[in-house]
Amino acid sequence: METSPCLDSEQTSVLIVDDHGVLADAIGLAINRESDMHCVATAVTGAQARAMAAHWKPDVVLMDVRLGDDDGIEVAADLARAAPDVRIIVLSAFIDQTLLTRAVNAGACALLPKDGSLDEILAAVRSSTRTGFAVNPVLMRNLVRSGEPRRGPPVPRLTPREEDVLRRLSDGADAVMIARDLGISLSTCRGYVKSLLRKLHAHSQLEAVVTASRIGLVSPTPRD
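Take the sequence shown: its letter number 95 is residue 95 in the UniProt record's numbering, and every next letter is one higher.
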């Protein structure tokens with residue numbers, strides 16, 4: 001479904017890709033009620049998604065993992081190659097390490113639960129960024145619980161501030177949010193993140209959180 005092209009330059013343009021057309025349209029209506037974003041189109045197949053993304057050049061794409069004719073992660077990779085600045089938010093009912101790795105490699109910037117609230121989707125559209133990768137805490141807990149305990153080197157010793165930063169990373173915060181919440185500079189916060197990656201032998205913030213969770217350094221904060 002293509003929507004009205006009346007898009008304000010200040011609004012975030014969003015393309016929704018989901019093979020459940022009614023659900024896609026419902027999310028689109030919710031987005032169009034917001035003053036700072038606009039749904040330019042909805043697509044129910046991979047082919048439609050590629051065509052509409054090329055036509056509308058959206059700022060954000062909400063991408064379901066399972067499409068009737070295609071793999072949502074492969075479609076996401078195609079869109080990211082065609083438009084490196086697009087922010088792709090993947091929707092999934094369940095996450096495992098394979099899906100997580102594929103989403104990151106495809107160029108996605110976030111993972112949300114498929115059955116999450118509209119408020120969560122709207123918040124993710126507003127906070128999405130090409131400089132990081134965010135995982136909803138519910139999906140993160142599922143990922144941590146699904147993994148087997150990892151045998152490896154002794155548990156690293158973290159400073160109290162590194163523990164604070166790690167805990168906030170596990171809640172899905174990025175460096176900008178952590179620096180603000182802890183009252184430190186962005187540069188200092190990034191220094192703590194680099195130290196955590198080194199101590200946990202991780203190549204990304206997400207890998208650091210998963211590793212720390214599996215060895216008992218931190219647990220994702222439960223939601224009410």
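Ideal placement from N, C-alpha and C gives every residue a C-beta, glycine not left out. As the structure is a computational prediction, the values presented were derived from the model and not from experiment.
Can you name the start and end residues of the alpha helix (DSSP H) that residue i belongs to?
i           : result
residue 188 : 186 to 199
residue 20  : Per DSSP, residue 20 belongs to no alpha helix (DSSP H) and is neither H nor E.
residue 165 : 160 to 170
residue 203 : No alpha helix (DSSP H) holds residue 203; DSSP gives it neither H nor E.
residue 46  : 46 to 56
Residue i to residue j, Cα distance in whole Å?
i           : j           : result
residue 196 : residue 172 : 16 Å
residue 63  : residue 137 : 19 Å
residue 149 : residue 166 : The predicted position of residue 149 is uncertain, since its pLDDT is 46 and thus under 50; no value can be drawn from it.
residue 115 : residue 198 : 35 Å
residue 169 : residue 126 : 19 Å
residue 128 : residue 184 : 22 Å
residue 120 : residue 209 : 21 Å
residue 104 : residue 33  : 30 Å
residue 158 : residue 130 : 28 Å
residue 91  : residue 113 : 6 Å
residue 177 : residue 132 : 12 Å
residue 100 : residue 139 : 10 Å
residue 162 : residue 191 : 10 Å
residue 58  : residue 10  : 13 Å
Start and end of the beta strand (DSSP E) containing residue i?
i          : result
residue 64 : 60 to 64
residue 40 : 37 to 43
Mind checking whether residue i and residue j have CB atoms under 9 Å apart?
i           : j           : result
residue 80  : residue 106 : yes
residue 189 : residue 182 : yes
residue 45  : residue 28  : no
residue 89  : residue 109 : yes
residue 13  : residue 60  : yes
residue 16  : residue 122 : no
residue 111 : residue 134 : yes
residue 215 : residue 155 : yes
residue 66  : residue 19  : yes
residue 41  : residue 70  : no
residue 86  : residue 53  : yes
My output table needs one value for residue i: the three-state DSSP class, helix, strand or coil.
i           : result
residue 182 : helix
residue 155 : coil
residue 71  : strand
Problem set entry | Inside the segment 73 to 151 only - beta strand (DSSP E) runs reaching at least 3 residues | 87 to 92 and 110 to 113
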